[in-house]
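In what follows, a structure is listed as structure tokens, so that the remarks can point back to it.
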Amino acid sequence: QKEVEQNSGPLSVPEGAIASLNCTYSDRGSQSFFWYRQYSGKSPELIMFIYSNGDKEDGRFTAQLNKASQYVSLLIRDSQPSDSATYLCAVLYNQGGKLIFGQGTELSVKP
Amino acid sequence: DARVTQTPRDKVTEMGQEVTMRCQPILGHNTVFWYRQTMMQGLELLAYFRNRAPLDDSGMPKDRFSAEMPDATLATLKIQPSEPRDSAVYFCASGSSYQPQHFGDGTRLSIL
């Protein structure tokens with residue numbers, strides 16, 4: 584059974600701080616990793632994807648991948664109240680495009 | 124921006140009724156996914172299609188759920204007969220070998 588694990592939270596950070604969201608996966612052969620943001624009552628929205636070990640930056644967001652440790656993280660710099668949402672980690676299961684999702688981490692950014 | 128379109132946005136019906144949900148994938152995407160999301164179970168994959176052919180429907184209760192793709196611009200998910208435990212938000216997503224999945228706005232289903 585291929586699994587993706589996330590802390591459910593809630594993770595609470597003050598405005599302007601760095602929020603760090605973590606995800607581990609069980610399939611060592613996994614190659615592609617995705618972060619989705621889901622606001623309450625809305626659909627998941629793709630915000631980052633990463634395929635290679637190391638860091639990938641996009642604006643205030645940085646995705647980090649460590650395949651040896653089977654660990655993916657998402658850093659949000661200068662957190663804003665508008666970043667308050669549930670963040671879903673997803674791992675590509677096969678070349679057919681099937682994703683395995685974690686349960687999501689709820690992030691709350693306090694003004 | 125290209126979007127996945129789902130209809131209806133909301134559906135309230137009585138137990139035992141047939142429910143049909145529709146999805147128009149993003150043009151050029153050849154893979155379509157159906158998910159169900161509840162507070163208890165999170166996001167569950169029900170079924171998915173590639174080039175209109177079903178690849179995996181192991182997440183779907185076979186006795187009452189069916190998924191089809193009559194053409195490249197339309198995917199359907201049917202529940203017959205519906206039960207209160209089917210109440211959830213149903214999402215359609217589309218993608219391809221070169222494009223990650225993008226989700227539609229979902230259908231919020233309530234079975235009374």
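If you're matching them up, the sequences are chains X and U in order. Take 584 as the starting number for the first sequence in the working numbering and just add one per residue. Take 124 as the starting number for the second sequence in the working numbering and just add one per residue. For every residue, glycine included, the Cβ atom is placed at its ideal position computed from N, Cα and C. All figures in this text were calculated on a predicted structure; none of them were measured in a lab.
What are the boundary residues of the beta strand (DSSP E) that includes Ser595 (chain X)?
Walking along the first sequence from the start, residue 595 (chain X) turns up at place 12. First-last of the beta strand (DSSP E) with Ser595 (chain X): Leu594 to Pro597.
Please report the straight-line C-alpha distance between Gln140 (chain U) and Asp133 (chain U), rounded to a whole angstrom.
Along the second sequence, one-based indexing puts residue 140 (chain U) at 17. Along the second sequence, one-based indexing puts residue 133 (chain U) at 10. Straight-line Cα distance between these residues: approximately 15 Å.
Using a Cβ cut-off of 8 Å, pull out every chain X residue sitting near Arg208 (chain U), in sequence order please.
If you number the second sequence from 1, residue 208 (chain U) lands on position 85. Neighbourhood of Arg208 (chain U) in chain X, by CB distance below 8 Å: empty, with the nearest CB roughly 20 Å away.
Compute the Euclidean distance between the alpha carbons of Met162 (chain U) and Thr607 (chain X), then round it to the nearest angstrom.
Position 39 of the second sequence holds residue 162 (chain U). Position 24 of the first sequence holds residue 607 (chain X). If you take the alpha carbons of Met162 (chain U) and Thr607 (chain X), they lie about 21 Å apart.
Quick one: what does DSSP say Asp228 (chain U) is sitting in, helix, strand or coil?
Within the second sequence, the letter at position 105 stands for residue 228 (chain U). Note: Asp228 (chain U) maps to coil in three-state DSSP.
What are the residues that DSSP puts in a beta bridge with Asp179 (chain U)?
Walking along the second sequence from the start, residue 179 (chain U) turns up at place 56. For Asp179 (chain U), DSSP records a beta bridge to U:Tyr171.
What's the gap between the Cα of Leu671 (chain X) and the Cα of Glu167 (chain U)?
As a first step, residue 671 (chain X) must be located in the first sequence, where it is residue number 88. As a first step, residue 167 (chain U) must be located in the second sequence, where it is residue number 44. Near 13 Å, if we compare the C-alpha coordinates of Glu167 (chain U) and Leu671 (chain X).
Short-range partners of chain U found in the segment 595–625 of chain X, where Cβ spacing is below 7 Å:
Look at the segment 595–625 of chain X: the residues with a C-beta under 7 Å from a C-beta of chain U are Phe617.
Tell me the DSSP bridge mates of Arg132 (chain U)?
Within the second sequence, the letter at position 9 stands for residue 132 (chain U). As far as DSSP is concerned, Arg132 (chain U) takes part in no beta bridge.
Could you run through the segment 173–206 of chain U and flag, in chain order, every residue whose CB is less than 7 Å away from some CB of chain X?
Only Arg173, Leu178 and Asp179 from the segment 173–206 of chain U bring a Cβ to less than 7 Å from some Cβ of chain X.
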